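Participant:
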Amino acid sequence: MTRSPWSIGPPAALAVTAGVLAVRWPVPAVATAMVALTGWALWTPARLNHALFTVLFLVPVTVRLGGSTKTVWIVLLAATAIALYGRLQQLRPDTPLASAGMAGFVLPVAGVVAALAHWSGPKDLLFALTPFVCYAVITWHVVAEARRQPAAFVRLARFFAWLGVPLALLAIYQRATGTWPVLDELAVSNAFTSSAGAGRSVATMGHPIVYGTYCLMSMCVALALRGRAWPVPFAAGAVGLLLSGSRSAWIGTGCALAVWYVARRPRLTRRGVAVAAATVAAATALALAGPAPVRGTVEMLRARLSNVGGSSSATARYSRYEVAWQALTDSVDRMLFGLGPEAHVRFFQEVGIGDHLAQTFDNSFLTLWYDLGLVTLLPFVALLVALLVRARSLAARLLVVGMTAQIFFFDFYLWPCAAAVLILAAGLAVVDADVDADHPAARTSVPPAGAGSGSLSAKGRTTGEARR
Numbered sequence: 035m036t037r038s039p040w041s042i043g044p045p046a047a048l049a050v051t052a053g054v055l056a057v058r059w060p061v062p063a064v065a066t067a068m069v070a071l072t073g074w075a076l077w078t079p080a081r082l083n084h085a086l087f088t089v090l091f092l093v094p095v096t097v098r099l100g101g102s103t104k105t106v107w108i109v110l111l112a113a114t115a116i117a118l119y120g121r122l123q124q125l126r127p128d129t130p131l132a133s134a135g136m137a138g139f140v141l142p143v144a145g146v147v148a149a150l151a152h153w154s155g156p157k158d159l160l161f162a163l164t165p166f167v168c169y170a171v172i173t174w175h176v177v178a179e180a181r182r183q184p185a186a187f188v189r190l191a192r193f194f195a196w197l198g199v200p201l202a203l204l205a206i207y208q209r210a211t212g213t214w215p216v217l218d219e220l221a222v223s224n225a226f227t228s229s230a231g232a233g234r235s236v237a238t239m240g241h242p243i244v245y246g247t248y249c250l251m252s253m254c255v256a257l258a259l260r261g262r263a264w265p266v267p268f269a270a271g272a273v274g275l276l277l278s279g280s281r282s283a284w285i286g287t288g289c290a291l292a293v294w295y296v297a298r299r300p301r302l303t304r305r306g307v308a309v310a311a312a313t314v315a316a317a318t319a320l321a322l323a324g325p326a327p328v329r330g331t332v333e334m335l336r337a338r339l340s341n342v343g344g345s346s347s348a349t350a351r352y353s354r355y356e357v358a359w360q361a362l363t364d365s366v367d368r369m370l371f372g373l374g375p376e377a378h379v380r381f382f383q384e385v386g387i388g389d390h391l392a393q394t395f396d397n398s399f400l401t402l403w404y405d406l407g408l409v410t411l412l413p414f415v416a417l418l419v420a421l422l423v424r425a426r427s428l429a430a431r432l433l434v435v436g437m438t439a440q441i442f443f444f445d446f447y448l449w450p451c452a453a454a455v456l457i458l459a460a461g462l463a464v465v466d467a468d469v470d471a472d473h474p475a476a477r478t479s480v481p482p483a484g485a486g487s488g489s490l491s492a493k494g495r496t497t498g499e500a501r502r
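When you line the sequence shown up against our numbering, it's residues 35 to 502, in that order.
1) Could you pull out every residue in the same chain whose Cβ sits closer than 7 Å to the Cβ of His-473, ignoring the five residues on either side in sequence?
2) Identify which residue in Asn-341, Val-419, Phe-442 and Leu-159 has its Cα closest to the Cα of Arg-380.
3) My guess is that Ala-460 and Val-176 are in contact by the Cβ rule of under 8 Å, so how many angstroms apart are they, rounded?
4) Starting from Gly-8, follow the alpha helix (DSSP H) in both directions and report where the run begins and ends.
5) Identify the residues that DSSP records as bridge partners of Ala-221: which are they?
6) Rounded to whole angstroms, what's the CA-CA distance from Arg-209 to Pro-327? Just pull it up for me.
7) Which of the three DSSP states is assigned to Trp-196 in this structure?
8) On the three-state DSSP scale, how would you describe His-152?
9) Would you mind listing the alpha helix (DSSP H) stretches within the stretch 230–304 that are 4+ residues and don't spill past its ends, in chain order?
10) Can you tell me whether Val-409 is helix, strand or coil according to DSSP?
11) Whole angstroms are fine: how far does the CA of Ile-116 sit from the CA of Leu-179?
12) Give the straight-line distance between the Cα atoms of Glu-384 and Leu-406, rounded to the nearest whole angstrom.
13) Which of helix, strand or coil does DSSP assign to Trp-359?
14) Where do the ends of the alpha helix (DSSP H) carrying Met-437 lie?
15) Measuring straight from C-alpha to C-alpha, what distance separates Thr-88 and Cys-254?
16) Which same chain residues end up closer than 7 Å to Pro-413 when comparing Cβ atoms and leaving out the 5 residues on each side of it in sequence?
17) What is the C-beta distance between Tyr-447 and Pro-165, in whole angstroms, given that I count them as a contact (C-beta under 8 Å)?
18) Cβ of Val-455 within 7 Å of Cβ of Met-251?
19) Could you check if Ser-282 is buried or exposed, using at least 16 other CB atoms within 10 Å of its CB as the buried criterion?
20) On the three-state DSSP scale, how would you describe Pro-474?
21) Please confirm if the stretch 92–109 is in contact with the stretch 216–232, defined as three or more CB-CB distances below 8 Å between the two stretches.
22) Return the CA-CA distance between Ala-225 and Gln-393, expressed in angstroms with no decimal places.
23) Specify the secondary structure class of Glu-384 as computed by DSSP and reduced to three states.
24) If I follow the unbroken alpha helix (DSSP H) through Asp-367, where does it start and stop?
25) Just to check my reading of the structure: Trp-504 and Leu-291 have Cβ atoms closer than 8 Å, yes? What is that Cβ distance to the nearest angstrom?
26) Could you tell me whether the Cβ atoms of Ala-256 and Ser-235 are closer together than 7 Å?
27) Taking just the CA atoms, how far does Ala-186 sit from Met-119?
28) Measure the alpha-carbon distance for Val-244 versus Ala-452 and round it to whole angstroms.
29) If we ignore side chains and look at the alpha-carbon of each, how far apart do Thr-363 and Ala-149 end up?
30) Name the two residues that bound the continuous alpha helix (DSSP H) containing Ala-134.
31) What residue range is occupied by the uninterrupted alpha helix (DSSP H) comprising Ala-452?
32) Rounding to the nearest angstrom, what Cα-Cα distance links Trp-153 and Phe-371 in this structure?
33) Give the range of the alpha helix (DSSP H) segment to which Pro-127 is assigned.
34) Where does Leu-76 fall in DSSP's three states?
35) In chain order, what residues of the same chain lie with their CB nearer than 8 Å to the CB of Leu-335, ignoring the 5 residues before and after it?
Structure, rendered in structure tokens:
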């Protein structure tokens with residue numbers, strides 16, 4: 035079949051014109067291409083949601099994007115703008131504006147209440163609460179979209195789990211070469227380069243702990259939502275998790291896998307035992323007689339696992355926890371309302387702890403308590419508990435458990451990739467996994483906690499089958 039010249043000529047002329055413009059005026063051409071790509075991504079709700087999580091998950095906040103504004107604020111504001119645009123697309127006069135997805139706004143409201151007790155100026159309040167406001171807006175949009183298109187949201191979660199496969203290949207390359215291409219050249223400080231990473235991989239995230247968080251997400255989603263060839267993203271997540279060297283992510287993943295085991299009670303099969311034995315044998319052979327990068331990885335893992343309680347990062351956390359606890363227990367007023375917005379930032383700038391490690395408390399719960407008191411910490415914990423108890427899918431519960439365990443060891447508020455895992459969990463919490471008709475084998479909805487045991491009763495199975 036021959037094509038009409040009219041079907042070939044205009045696209046060819048457009049391609050030639052674009053090529054000439056790119057050669058003559060590269061910067062305007064790139065800017066035009068980015069605007070066109072953004073417009074294409076925001077044209078439909080499905081593309082918009084993919085673009086939203088792409089910005090949150092993949093844009094590293096450890097690099098300079100130009101100008102004096104920190105990249106984290108660019109990412110947060112861009113993602114918030116996308117979410118607001120998505121809400122405007124779905125705005126209907128007959129649809130109530132308020133929804134369960136707006137529960138996240140309780141955190142910035144509680145933060146304002148706490149800030150009034152220890153007022154340090156509007157600037158500190160703005161910097162302290164802007165991340166909470168952004169995450170609340172994004173969560174509002176994500177939960178609404180998950181309710182509106184549950185099957186599409188499940189496929190979105192699987193897509194980002196599968197995206198972990200090329201990211202794992204990049205992580206392997208980073209481990210083999212000992213460098214982080216592009217990230218090293220654009221890093222905002224030496225602390226976010228491969229020279230400070232001690233052989234750990236970061237994929238595109240710019241920090242090994244955050245890459246470990248992404249791997250936790252991909253493993254939990256692959257395991258709980260399954261789908262075709264689900265062991266592939268699960269294995270890629272496991273490889274990336276090891277290469278990240280993130281002990282907090284290891285702990286979080288271990289807790290999530292324990293919950294999965296209790297909920298599913300998987301039966302041992304000959305095939306499963308054979309696959310596990312073959313995997314262990316292959317890993318052992320690689321560790322003993324593999325190439326230099328593999329042996330280097332083994333040494334890195336051994337170093338990360340040796341003397342965990344007495345390592346420099348562990349002792350640093352002990353000293354930080356002691357300082358924070360002493361300040362909080364000084365008075366009931368501080369226990370309830372904290373020391374004021376950005377109080378931990380002022381402490382490390384003015385006093386600090388002279389161990390040359392990250393100048394944070396490295397505990398998301400403690401940092402929130404130190405800055406904004408129990409008035410804000412308790413609603414945050416309540417939101418996590420509500421997600422865990424009311425979640426309709428096992429995937430959401432795994433993500434909540436894993437992230438709750440991991441953020442006990444680092445401050446996640448200015449890491450959009452880590453926050454996006456909890457936002458994804460909020461979306462999956464309102465979705466039944468069996469809505470995805472493309473993968474009948476993955477229909478494994480889970481009742482809310484407290485509604486029964488980990489496995490469905492015979493009556494529950496009969497009812498579910500009757501509905502289907």
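Glycine included, C-beta positions come from ideal geometry on N, C-alpha and C. The model shown is predicted, which means the values in this text are computed figures rather than measured ones.
Facilitator: Walking through what the data contain:
1) For His-473, the predicted structure reports a pLDDT of 46, less than 50, and the residue's modelled location is therefore unreliable. The matter cannot be settled from this model.
2) Leu-159
3) 6 Å
4) No statement about residue 8 is possible, as the shown extent of the chain runs from 35 to 502 and does not include it.
5) Val-97
6) 7 Å
7) helix
8) coil
9) 242–259, 265–278 and 281–298
10) helix
11) It is Glu, not Leu, that sits at residue 179 in the sequence shown. Computed Cα separation, rounded: 13 Å.
12) 19 Å
13) helix
14) 428–440
15) 18 Å
16) Val-140, Leu-141 and Ala-144
17) 5 Å
18) yes
19) buried
20) At Pro-474, the pLDDT of 44 sits below 50, so the modelled position is not reliable and the matter cannot be decided from this model.
21) yes
22) 12 Å
23) helix
24) 366–371
25) Outside the shown range of the chain, which is 35 to 502, sits residue 504, and nothing can be said about it.
26) no
27) Looking at the sequence provided, one finds Tyr at residue 119 rather than Met. Taking the straight line joining both Cα atoms gives about 19 Å.
28) 6 Å
29) 18 Å
30) Where Ala-134 is concerned, there is no enclosing alpha helix (DSSP H), given that its DSSP letter is neither H nor E.
31) 450–463
32) 11 Å
33) Taken as a continuous stretch (DSSP letters only), Pro-127 belongs to no alpha helix (DSSP H), as it is neither H nor E.
34) coil
35) Leu-276 and Gly-279
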